[in-house]
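Residue numbers for the sequence shown, in UniProt numbering: 1 to 287.
Ideal Cβ placement from N, Cα and C applies to all residues, glycine included.
Written out below as structure tokens is the structure these notes cover.
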Amino acid sequence: MKTQDMNRDWIATAETLSSALPYLQRYDDAIVVIKLGGHAMGSDAAMDSFARDVVLMRQVGVNPVIVHGGGPMINAMLDKLGVTSEFVNGKRVTDQATVEVVEMVLSGRVNKRIVQAVNAQGGMAVGLSGKDANLMVCDQTDAALGFVGTPADVNPTILRDLFAHDIIPVIAPIGAGRNGETFNVNGDTAAGAIAAALKADRLLLLTDVAGVKNAEGDVVTELTAEHIREMTRDGVIAGGMIPKTETALDAISGGVRAVAILDGRAPNAVLLELFTEHGAGSLIRKG
Numbered sequence: 001m002k003t004q005d006m007n008r009d010w011i012a013t014a015e016t017l018s019s020a021l022p023y024l025q026r027y028d029d030a031i032v033v034i035k036l037g038g039h040a041m042g043s044d045a046a047m048d049s050f051a052r053d054v055v056l057m058r059q060v061g062v063n064p065v066i067v068h069g070g071g072p073m074i075n076a077m078l079d080k081l082g083v084t085s086e087f088v089n090g091k092r093v094t095d096q097a098t099v100e101v102v103e104m105v106l107s108g109r110v111n112k113r114i115v116q117a118v119n120a121q122g123g124m125a126v127g128l129s130g131k132d133a134n135l136m137v138c139d140q141t142d143a144a145l146g147f148v149g150t151p152a153d154v155n156p157t158i159l160r161d162l163f164a165h166d167i168i169p170v171i172a173p174i175g176a177g178r179n180g181e182t183f184n185v186n187g188d189t190a191a192g193a194i195a196a197a198l199k200a201d202r203l204l205l206l207t208d209v210a211g212v213k214n215a216e217g218d219v220v221t222e223l224t225a226e227h228i229r230e231m232t233r234d235g236v237i238a239g240g241m242i243p244k245t246e247t248a249l250d251a252i253s254g255g256v257r258a259v260a261i262l263d264g265r266a267p268n269a270v271l272l273e274l275f276t277e278h279g280a281g282s283l284i285r286k287g
């Protein structure tokens, strides 16, 4: 006969699960778009942890959509193939040779790595790019930058079909042009456009910073769109945080209920944000 005594760790685990009930109910059948990048893609362990969290989300009734980046992998392959790039105002010019490598890396190696990680945790993931089923039709962002696109028409029908079969979409930010072009799309921009088209409940932007910080350097856990505009005007939001907050504002304007900018270095960041009271980063609402 096996006997055991209840210990504090077990009780704490049970209490955590019990306290998550209101949030599990809140997000039942909700659509959550996650932009995956940075640290969460940097190691097999981090990828496995993220994949497990996404499978758990699907298991409890959330409809997750993963949109990923892959800049470091693109740069490594360009170097390996000897493809040189020009820069205009600090931005890479994506010529024909470069966009072919970008598509190969993002739609191939990176996308399938994420799909495989999710499937290995017991989920069912399918890899797509914006070219599939006209998911993301783009216009050229700037002729000087070459094949860089801005989403113009987003058709999420295929994503809803996948939700109906408990399948997790994993999307590479490659868009189709109106005249047969292939466009490289910024991952945050693609995630925001897809979230808006789906009228998602949440857009989660995983970053390598703790969140949006105020003038004193403290992370602000909740903001409105007007707060973001004021902090940007005052120079408090600057540098690489500007495009992320702009993506957040565009997504909210397009119908996304709220956007969270999360520290992807934190273990289980997406679960903390969705299923706990305190969250894991900066939550931005329309106000």
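A straight line joining the alpha-carbon of HIS68 with that of LEU36 spans about 5 Å.
The criterion of a C-beta distance shorter than 8 Å is not satisfied by ASP53 and LEU204. Taken in chain order, the complete beta strand (DSSP E) segments of 3 residues or longer contained in the stretch 64-151 are 125-129, 136-140. In terms of Cβ geometry, VAL212 and ILE242 do not form a close pair [threshold 8 Å]. In the structure shown, VAL212 adopts coil according to DSSP, grouped into three states. Per DSSP, VAL185 lies in no alpha helix (DSSP H) segment and is marked neither H nor E. For GLU222, no alpha helix (DSSP H) run applies; the uninterrupted beta strand (DSSP E) run containing it begins and ends at 222-224, by DSSP.
Counting C-beta atoms within 10 angstroms of its own C-beta, HIS278 has fewer than 16 neighbours from the protein chains shown and is therefore classed as exposed.
Buried is the label assigned to LEU145, since at least 16 other Cβ atoms lie within 10 Å of its Cβ. Secondary structure of THR247 (DSSP, three-state): helix.
DSSP, read as helix, strand or coil, puts GLY279 in coil. The shortest CA-to-CA distance from LEU106 to any of ASP79, GLY71, ALA97 is the one to GLY71.
For a cut-off of 8 Å, the C-beta gap from MET136 to VAL154 is around 5 Å, short enough to register as a contact. Residue burial annotation: GLU230 is exposed, with fewer than 16 other C-beta atoms found within 10 angstroms of its C-beta.
For PRO169, there is no enclosing alpha helix (DSSP H); the enclosing beta strand (DSSP E) has its first and last residue at 168-172. Only residues of its own chain outside the window of five on either side were considered, and among them GLY149, THR150, ALA152, GLY177, ARG178 have a CB closer than 8 Å to the CB of ASP139, listed in chain order. Look at ALA20 here: in three-state DSSP terms it is coil, with no helix or strand label.
Assigned with DSSP and collapsed to three states, ALA176 falls in strand. Here DSSP, grouped into helix, strand and coil, assigns ARG229 to helix.
CA-CA distance, THR13 to LYS80, rounds to 47 Å. The shortest CA-to-CA distance from LEU24 to any of ILE34, ALA40, LEU56 is the one to LEU56. Put simply, the backbone Cα of ARG8 is about 15 Å away from that of SER18.
Under the three-state reduction of DSSP, ARG257 is assigned to coil, being neither helix nor strand. The continuous stretches of alpha helix (DSSP H) do not include ARG265, and DSSP gives it neither H nor E.
For VAL54, the enclosing alpha helix (DSSP H) has its first and last residue at 44-59. In the three-state reduction of the DSSP assignment, VAL270 falls in the helix class.
For a cut-off of 8 Å, the C-beta gap from ILE66 to VAL209 is around 20 Å, too long to register as a contact.
The DSSP-derived three-state label of ILE34 is strand.
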